[in-house]
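Q:
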Amino acid sequence: MALPLYLQNRIGNQFERKNLYLKDLAQGKTVSPDDHPYLNKLKTFQEKEATFLKELEERVAALPPETDPTVTRLQKMLYQAQEKRSFYQSYVDLSYEAELAFKTADTMTNHLPLMLDTHEEIKQEVAFNQTALKQLDPTVEQAAKDALTAYQKDMPAKKKAEFDRLNNLRKQGRIAKKAQTNAKKSFLRSQKMAEEELRLQVPSIALSAEAKSLNYRQKHDLKRLENLMMAEIDEFSQTLPMESNKKRAFHHYFTWPLPGLGQILNKQYIKGLIFLIGSLFIYLVAIPYALGYGNYQGDGVAGLITLGAGGKRLDKSVIYLIEGVIAILLLVFAFGIAYLSFRDARKVEKEAVLGVRPKNWALSKKMISEEGFPFAVTMPSLVLITFIVLVPIITTILLSFAGWDPQHQSKFSWIGLSNYTNLFVGKGLAAGLFWRILSWTVIWTLGASTLSILVGFFLAFLLNNDRIKGKFLLRTIYLLPWATPAFVTIMFFSIMLSTGGIMTDLFSGLAGKQLFVKDNIILTRVALILIKTWLGSAYIFILSTGVLQSIPNDLYEAAQIDGASAWSKLTRITLPLVLYQTMPLLIGQYTFNFNDFTIIWLFNGGGPPNTSLYGNLAGSSDILISYIFKLTMNNQFQSLGAAIAILISLGLIAVTYVGFSRSKAFKEMK
């Protein structure tokens, strides 16, 4: 790769090379560095520069100090800047480094006098303020304090008189309640402003407030001016290119064995130090843990493969599995750190080949504080998500390919797709129940969700009618199932529908025979669907009510003029608008009810039992989620339960995606 003939700054502007030796090389000329005229000039300049900087340092150190250290610092900076400007002005055309040094010194020469004047001005104001505080006239001070005290004593009476006047106007109906409230607030504001004006007329208070303001200016005004000066200098460093004899970038490859090394080679030392701290995490945490050091019982990544085979008798394969997952995630974090360091070093080095100056730490810090703020804020949550969400999910996925069953509780091995195969073909009692329970789960989901939606929408549509009276009371009643904790409601119905319960006795009397709701498969399932309808319809009622009330009456009036029937208005206006706004939430109802463990478990524990169909593994009202609980907690089929959980997740994701993608709201959002 040849040297570029033109240099480039960060903005993308092109510049002629000032280094004539490199320019000749870029043009393909054969030149020797030993006798090139430009290099001789550059060498002479560098020697003069070194001598000048050394002498300047000695002259600055010999300057007499001022009583104020800030003035001493600024005067030394100004002297240095003036001397550097005079020196580098003659070499601006020789190199971009000399031009940058000249512009930096010139900028400082222009800004530092203003900073000195500002500092001196504030010092004089502080001295004047302190003198004025010492020379206060006691008579004037006391008179102002008396006026303030008198006003403060009169304030309650004035407030009472004004509030009484406003209250009387309100009683007479001459002003509205809102106007009364605003008038009271306005009066209080005016009183507070008048009191503050009198307070500032007290000389000691006014001078103290001025002293606070001057203290603030002393701390911040000089810093603000200095920041403006440095921002202008940083701008020069980004608009001026730099000479480089690099033909290709290679420093970034050193970041793979040691993140941060590439930045240090690129002379970005602070950024390199930050990445080196990341290297400590890689070599002291991630890699040792992946090799098994610091594991509770596992063997790092190797334990994920062996699952503890051949280990101690008390070793558990599941611990090896979990710690192997954690080790892999730590390695992913380590790779991320190395990749970020690699990408940053490569970008800086490739730009340097073109002549772009690397950002100094001030610019890098500014970029991190602005563009990096979202990443800094989300990083803690990313770590939490990794160990609270990703570890369980990945562990569940891996367990579905393992043989953790009642015969292999301590040690188990990888068995591939056997769990999924057994589920699909119904091999074995535990896997054979999958399709039977899945069919009831689908019926339960469709029945409970659809009935809740229909009842909730019907009640909302009914109360949206202007002819209905007592809407507030009726809406309050319809909201009670949603306001009451579901746990309480489910337990209430469970007790009432038990043998000897009030509702059981009532239904038995109506049927003319003794009913045992919780011992009958059909009655239990019907009861579950109706209870879920009771619980879920209130939520749909709230959603539908809000949407119905937002539909403009103009649409119905226009339809009425066109001769539309009530049914046409319902199907052509009401339903499309309601479904358009609530469809994503309605889909969520189906997915939530598919995995509603609470109602199944609290009402009847998944019963009643039916050993001829379900054996001892499940009850006749168990859905897949409660079946997973019984498989894993009661019967130790953990891997099979994990496989079912994965199938449920994939199925719900697919159904939800299809439902969302086909909804009108989702299509318009895209």
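Quick note on numbering: the sequence shown equals residues 105 to 774 in this note's numbering.
Note that CB positions come from ideal geometry on N, CA and C, so glycine has one too.
Please list, in chain order, all residues of the same chain as residue 593 whose beta carbon is under 8 Å from its beta carbon, the five residues on each side excluded.
A: Contacts found: 585, 635, 638 and 639.
Q: Cutting at 7 Å between CB atoms, please list the residues of its own chain near residue 549, excluding the five before and the five after it.
A: 694, 697 and 698
Q: Quick one: what's residue 723 bridged to in DSSP?
A: 713
Q: Out of 107, 359 and 120, which one is the CA nearest neighbour of residue 130?
A: 107
Q: Here's the rule: buried if 16 or more other CB atoms are within 10 angstroms of the residue's CB, otherwise exposed. What is residue 351?
A: exposed
Q: Given residue 647, which residues of its chain have a CB within under 7 Å of its CB, disregarding the five upstream and five downstream residues?
A: 686 and 689
Q: Taking 8 Å as the threshold, find out whether the stretch 363 to 375 comes into contact with the stretch 452 to 470 through three or more Cβ pairs.
A: yes
Q: Measuring straight from C-alpha to C-alpha, what distance separates residue 482 and residue 573?
A: 51 Å
Q: According to DSSP, simplified to helix, strand and coil, what is residue 111?
A: strand
Q: Output the boundary residues of the beta strand (DSSP E) element that contains residue 119.
A: Here the beta strand (DSSP E) through residue 119 covers 118 to 120.
Q: Is the stretch 651 to 665 in contact with the stretch 555 to 568, if contact means three or more CB pairs nearer than 8 Å?
A: yes
Q: Based on Cα-Cα distance, which residue from 402, 187, 156 and 619 lies nearest to residue 823?
A: Here the chain has residues from 105 to 774 only, and residue 823 is not among them.
Q: Suppose the cutoff is 6 Å on Cβ atoms and the five residues either side in sequence are ignored; what does the same chain contact list for residue 135 look like?
A: 128
Q: Does DSSP put residue 465 in a helix, in a strand, or in coil?
A: Helix at residue 465.
Q: Quick check for students: name the residue ranges of the alpha helix (DSSP H) that lie wholly in the stretch 558 to 627, counting only runs of 4 or more.
A: 575 to 587, 590 to 600 and 606 to 615
Q: Tell me whether the beta-carbon of residue 783 lies closer than 8 Å to the beta-carbon of residue 527.
A: Nothing about residue 783 can be read from this structure; the chain reaches only from 105 to 774.
Q: Which partner residues does residue 506 have in the DSSP bridge list?
A: 518
Q: Assign residue 642 to one of two classes, buried (16 or more other C-beta atoms within 10 Å of its C-beta) or exposed (fewer than that).
A: buried
Q: Go through the stretch 357 to 429 residue by residue and report every complete run of the alpha helix (DSSP H) that reaches 4 residues or more, in order.
A: 365 to 369, 373 to 385, 391 to 394 and 404 to 410
Q: Count the other CB atoms within 10 Å of the CB of residue 595; is the residue buried (16 or more) or exposed (fewer)?
A: exposed
Q: Hey, quick one: how far does the alpha helix (DSSP H) through residue 319 stretch, first residue to last?
A: 307 to 343
Q: Can you check which of these residues, 184, 176 and 144, is closest to residue 163 by C-alpha distance?
A: Answer by Cα proximity: 184.
Q: Which residue comes first and which comes last in the alpha helix (DSSP H) that contains residue 691?
A: 679 to 698
Q: Give me the residue from 561, 579 and 227 with the minimum Cα distance to residue 172.
A: 227
Q: Considering residue 255, what are the terminal residues of the alpha helix (DSSP H) in which it resides?
A: Unbroken alpha helix (DSSP H) run through residue 255: 242 to 275.
Q: Give me, in chain order, the residues of the same chain whose beta-carbon lies closer than 6 Å to that of residue 514; leave out the 5 immediate sequence neighbours on both sides.
A: 420
Q: Compare the beta carbon distance of residue 143 and residue 137 with 8 Å and say whether it is the shorter of the two.
A: Yes; because the gap between Cβ atoms is below 8 Å, this pair is in contact.
Q: Select from 277, 270 and 452 the residue whose C-alpha is nearest the C-alpha of residue 287.
A: 270
Q: Can you look up residue 656 in the DSSP assignment and give me helix, strand or coil?
A: coil
Q: Output the boundary residues of the alpha helix (DSSP H) element that contains residue 124.
A: 124 to 130
Q: Quick one: grab the DSSP three-state call for residue 531.
A: coil
Q: For the alpha helix (DSSP H) containing residue 200, name the first residue and the last one.
A: Counting along the chain, the alpha helix (DSSP H) containing residue 200 begins and ends at 200 to 238.
Q: Report buried or exposed for residue 240, applying the criterion of at least 16 other Cβ atoms within 10 angstroms of its Cβ.
A: exposed
Q: Going by C-alpha to C-alpha distance, which of 583, 552 and 733 sits closest to residue 563?
A: 583
Q: Does the distance from the CB of residue 329 to the CB of residue 259 come in under 8 Å?
A: no
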